[in-house]
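Numbering-wise, this note's numbering comes out as the position in the sequence shown, counting from 1, plus 90.
Glycine is no exception: its CB is placed at the ideal position from the N, C-alpha and C atoms.
Note that this is a predicted model, so its numbers are computed, not measured.
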Amino acid sequence: MLLTVCISKTVKRRWSWINFVFTWIVSCTSYSLLVRGPMNWQPDYPLCLTQAALVYTVPTLTASASLALVIQVLISVRAFAAPNPTGEAATNDRRNALLHRLYTLLMVSLPYIAGTGMFAVSLVIGLKDRETVIREPGGFYCNMLNPIPGKLSAVIVAMIMLICLCLSITISIILGRNWRAFSSDAHAPLATVLRVLCFSAFSVVAVVLGLLFFFTPRGKHGPGLQITLAIIPVAAVLVFGSQTDLVRSWKAGVQSCFHFVQESFEMLFHLTALSDREQGGIVVEVEHRESRLGGRRMRGRRPRCGPHCIGHTCNHSHSSQSSMISLDTALA
91 MLLTVCISKT VKRRWSWINF VFTWIVSCTS YSLLVRGPMN WQPDYPLCLT
141 QAALVYTVPT LTASASLALV IQVLISVRAF AAPNPTGEAA TNDRRNALLH
191 RLYTLLMVSL PYIAGTGMFA VSLVIGLKDR ETVIREPGGF YCNMLNPIPG
241 KLSAVIVAMI MLICLCLSIT ISIILGRNWR AFSSDAHAPL ATVLRVLCFS
291 AFSVVAVVLG LLFFFTPRGK HGPGLQITLA IIPVAAVLVF GSQTDLVRSW
341 KAGVQSCFHF VQESFEMLFH LTALSDREQG GIVVEVEHRE SRLGGRRMRG
391 RRPRCGPHCI GHTCNHSHSS QSSMISLDTA LA
């Protein structure tokens with residue numbers, strides 16, 4: 091999805107959307123650092139510490155990116171539902187543009203500011219106590235025995251998701267009051283708003299998971315909880331990756347690749363046939379040239395008359411010589 095938005099001219103997204111998708115890519119990559127090794131492999135301390143710190147960081151990172159996306163949708167919905175600016179409000183376009191840039195910078199920076207703080211806390215705890223950084227037997231990633239990073243991350247995520255839930259309710263209220271305007275206007279961001287609201291339903295799941303991480307001991311975090319965590323990025327891909335412009339762009343890309351491969355094979359077949367024809371023509375021409383040269387050699391070759399003709403020019407023909415030999419033989 092992110093690559094399509096970056097290279098496609100028809101698919102346009104705001105920075106908050108791009109940042110949201112990128113943070114989920116970082117999250118999935120963080121959990122996959124140990125994929126190359128077997129289940130019983132114990133990685134080196136630097137790698138294990140890095141993954142453990144990232145594991146406690148990416149929930150805060152993705153939650154903050156989700157909050158920025160919801161805020162962006164809320165502002166867009168309110169701007170669309172508000173009456174058109176007239177009079178003095180319309181003269182402040184330059185100031186509004188500057189405020190919009192500052193707001194965009196803040197929304198893009200917010201997830202990384204929160205994520206950097208959480209990463210620093212986890213890294214300091216791991217550096218002070220090397221024994222707390224482990225990979226449990228049968229575990230898919232490294233974590234820490236110290237409960238502080240996990241509980242702190244769970245509390246931060248739960249608080250951010252509660253804010254997202256409240257903002258989503260506000261968006262739903264505005265959308266309900268102006269449903270006719272949104273549904274009748276082709277320029278209204280209705281599809282994106284509905285998808286954001288659909289994904290915001292997972293905020294409740296995130297809050298519940300945060301409470302489970304906070305109040306339950308580590309030994310009771312079974313595989314069901316891990317599977318539930320793994321479903322959230324899949325839900326993000328399904329919700330935001332099934333938008334019409336993205337699907338059309340992918341369809342056009344697949345068709346272009348298919349036509350390119352087809353034309354390449356046709357060109358290769360044509361060049362092969364042309365090469366075979368040229369090679370066949372060269373062989374025929376060489377054979378014809380050799381036959382002509384052979385004929386010239388046969389016409390220009392002087393026949394040998396015998397031992398008595400060696401060393402001087404023979405003025406007698408072979409036919410007369412043969413006749414004389416035959417006559418001498420008959421007289422004898």
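Between the alpha carbons of leucine 164 and isoleucine 264, how many angstroms are there, rounded?
In the sequence shown, residue 164 corresponds to position 74, counting from 1. In the sequence shown, residue 264 corresponds to position 174, counting from 1. Roughly 9 angstroms separates the two Cα atoms.
Is the Cβ-Cβ distance between glutamine 141 and tyrosine 231 less than 8 angstroms?
Locating residue 141 in the sequence shown gives position 51, where the first residue counts as 1. Locating residue 231 in the sequence shown gives position 141, where the first residue counts as 1. Yes, the Cβ-Cβ distance between glutamine 141 and tyrosine 231 is below 8 angstroms.
According to the neighbour-count rule (16 or more other Cβ atoms, all chains shown, within 10 Å of its Cβ), is serine 416 buried or exposed?
Taking the first residue of the sequence shown as position 1, residue 416 is located at position 326. At serine 416, the pLDDT of 44 sits below 50, so the modelled position is not reliable; the number obtained from the coordinates is stated separately. By the 10 Å Cβ count, serine 416 comes out exposed.
Could you check which residue in Leu319, Gln345, Ala342, Ala153 has the C-alpha nearest to that of tryptophan 107?
Position 17 of the sequence shown, counted from the first residue, corresponds to residue 107. The option with the nearest alpha carbon to tryptophan 107 is Ala153.
Is there contact between the segment 155-162 and the segment 222-239, where contact requires at least three CB pairs shorter than 8 angstroms?
Touching, no.
Pick out whichever of Cys347, Glu353, Arg103, Lys218 has its Cα sitting closest to the Cα of phenylalanine 330.
Here residue 330 refers to the residue found at position 240 of the sequence shown. Taking only the C-alpha atoms, the option nearest phenylalanine 330 is Arg103.
Could you tell me the alpha carbon to alpha carbon distance between leucine 361 and phenylalanine 350, rounded to whole angstroms?
The residue given as residue 361 occupies position 271 in the sequence shown. The residue given as residue 350 occupies position 260 in the sequence shown. Cα to Cα, the separation comes out at about 16 angstroms.
Is glycine 240 closer than 8 angstroms to tyrosine 146 when the C-beta atoms are compared?
Your numbering for residue 146 matches position 56 in the sequence shown. Your numbering for residue 240 matches position 150 in the sequence shown. For tyrosine 146 and glycine 240, yes; Cβs fall inside 8 angstroms.
Quick check: what's the CA-CA separation for tyrosine 193 versus serine 290?
Here the question's residue 193 lines up with position 103 in the sequence shown. Here the question's residue 290 lines up with position 200 in the sequence shown. Distance between the alpha carbons of tyrosine 193 and serine 290: 22 angstroms.
Quick check on the burial criterion: 16 or more other C-beta atoms within 10 angstroms. Buried or exposed for phenylalanine 209?
Position 119 of the sequence shown, counted from the start, is the residue given in the question as residue 209. It is buried - the Cβ of phenylalanine 209 has at least 16 other Cβ atoms within 10 Å.
State the DSSP-derived secondary structure class of isoleucine 400, mapped to helix, strand or coil.
Start at 1 with the first residue of the sequence shown, and residue 400 comes out as number 310. Model confidence at isoleucine 400 stands at a pLDDT of 48, short of 50, so the residue's coordinates are unreliable; what they give is reported in the following sentence. Coil at isoleucine 400, not helix or strand.
Report yes or no: do three or more beta-carbon pairs, one from the segment 193-202 and one from the segment 104-123, lie closer than 8 angstroms?
Contact between the segment 193-202 and the segment 104-123 is present, because at least three Cβ pairs lie under 8 angstroms.
Taking arginine 270 as the reference, which of Ser117, Ala171, Thr100 has the closest Cα?
The residue given as residue 270 occupies position 180 in the sequence shown. Of the listed residues, the one whose Cα sits closest to arginine 270 is Ala171.
Report the rounded CA-to-CA distance for glutamate 353 versus serine 346, giving the unit in angstroms.
Sequence index remark: in the sequence shown, residue 353 carries index 263 (1-based). Sequence index remark: in the sequence shown, residue 346 carries index 256 (1-based). Near 10 angstroms, if we compare the C-alpha coordinates of serine 346 and glutamate 353.
Keeping to the same chain, check which residues put their C-beta closer than 8 angstroms to that of leucine 213; ignore five residues upstream and five downstream.
As a position in the sequence shown, residue 213 is number 123, starting the count at 1. Around leucine 213: Leu139, Ala143.
Which partner residues of methionine 234 appear in the DSSP bridge assignment?
By 1-based counting over the sequence shown, the position of residue 234 is 144. According to DSSP, methionine 234 bridges with Val223.
Sorted by chain position, which residues of the same chain lie with C-beta nearer than 7 angstroms to proline 323's C-beta, five sequence neighbours on each side aside?
What you label residue 323 is simply residue 233 of the sequence shown in a count that begins at 1. Taken in chain order, the residues that qualify are Trp114, Ser117, Cys118.
Under 7 angstroms Cβ to Cβ from valine 101, same chain only, skipping five residues before and after it: list those, please.
The residue you call residue 101 lines up with position 11 of the sequence shown. Counting only Cβ-Cβ distances below 7 angstroms, and skipping sequence neighbours, we find Thr94, Val95, Asp335, Leu336, Ser339.
Determine the extent of the alpha helix (DSSP H) in which tryptophan 114 is found, giving its start and end residues.
Here residue 114 refers to the residue found at position 24 when the sequence shown is read from its first residue. 105-120 is the extent of the alpha helix (DSSP H) around tryptophan 114.
What is the rounded straight-line gap between the Cα of isoleucine 246 and the Cα of valine 167?
The residue given as residue 246 occupies position 156 in the sequence shown. The residue given as residue 167 occupies position 77 in the sequence shown. Answer to the nearest angstrom: the Cα atoms are 27 angstroms apart.
Do valine 160 and serine 243 count as a contact pair if the criterion is CB distance below 8 angstroms?
If you number the sequence shown from 1, residue 243 lands on position 153. If you number the sequence shown from 1, residue 160 lands on position 70. Not a contact, by the Cβ cut-off of 8 angstroms.
Mind checking whether the beta-carbon of phenylalanine 230 lies closer than 7 angstroms to any heavy atom of the ligand SAH?
This structure does not include the ligand SAH; it has no bound ligands of any sort.
Less than 8 angstroms between the C-beta atoms of serine 205 and threonine 260, yes or no?
What you label residue 205 is simply residue 115 of the sequence shown in a count that begins at 1. What you label residue 260 is simply residue 170 of the sequence shown in a count that begins at 1. Looking at the sequence provided, one finds glycine at residue 205 rather than serine. Not closer than 8 angstroms, so no.
If the criterion is Cβ atoms closer than 8 angstroms, does the pair leucine 423 and valine 294 meet it?
Nothing in the structure corresponds to residue 423, since the chain is present only between 91 and 422.
Around the C-beta of alanine 169, are 16 or more other C-beta atoms found within 10 angstroms, so that it is buried, or is it exposed?
Counting from 1 along the sequence shown, the entry for residue 169 is found at position 79. The residue is exposed, with fewer than 16 neighbouring Cβ atoms inside 10 Å.
Quick check on this structure: which residue in Phe359, Ala363, Leu284 has the alpha carbon closest to the alpha carbon of serine 332?
In the sequence shown, counting from the first residue as 1, residue 332 sits at position 242. Checked all of Phe359, Ala363, Leu284; the closest Cα to serine 332 is Leu284.
CB glycine 229 to CB valine 223, shorter than 8 angstroms?
Working through the sequence shown from its first residue, we reach residue 229 at position 139. Working through the sequence shown from its first residue, we reach residue 223 at position 133. Against a cut-off of 8 angstroms, the Cβ pair of valine 223 and glycine 229 comes out as no contact.
Taking 8 angstroms as the cut-off, decide whether the C-beta atoms of valine 148 and serine 120 are in contact.
Residue mapping note: residue 148 aligns to position 58 of the sequence shown, counting from 1. Residue mapping note: residue 120 aligns to position 30 of the sequence shown, counting from 1. Yes, the Cβ-Cβ distance between valine 148 and serine 120 is below 8 angstroms.
Decide if isoleucine 250 is buried, meaning its Cβ has at least 16 other Cβ atoms within 10 Å, or exposed.
Locating residue 250 in the sequence shown gives position 160, counting from the first residue. With 16 or more other Cβ atoms within 10 Å, it is buried.
Distance check for isoleucine 321 and valine 327, CA to CA, integer angstroms please.
Here the question's residue 327 lines up with position 237 in the sequence shown. Here the question's residue 321 lines up with position 231 in the sequence shown. The alpha-carbon atoms of valine 327 and isoleucine 321 are separated by roughly 10 angstroms.
With H, G and I counted as helix, E and B as strand and the rest as coil, what does DSSP make of glutamine 333?
Here residue 333 is taken as the residue at index 243 of the sequence shown, counted from 1. In the structure shown, glutamine 333 sits in coil (DSSP, three-state: anything other than H, G, I, E or B).
Could you name the residues of the same chain whose beta carbon sits closer than 8 angstroms to that of leucine 92, not counting the 5 residues immediately before and after it, in chain order?
Position 2 of the sequence shown, counted from the first residue, corresponds to residue 92. Around leucine 92: Ile108, Val111, Phe112, Ile115.
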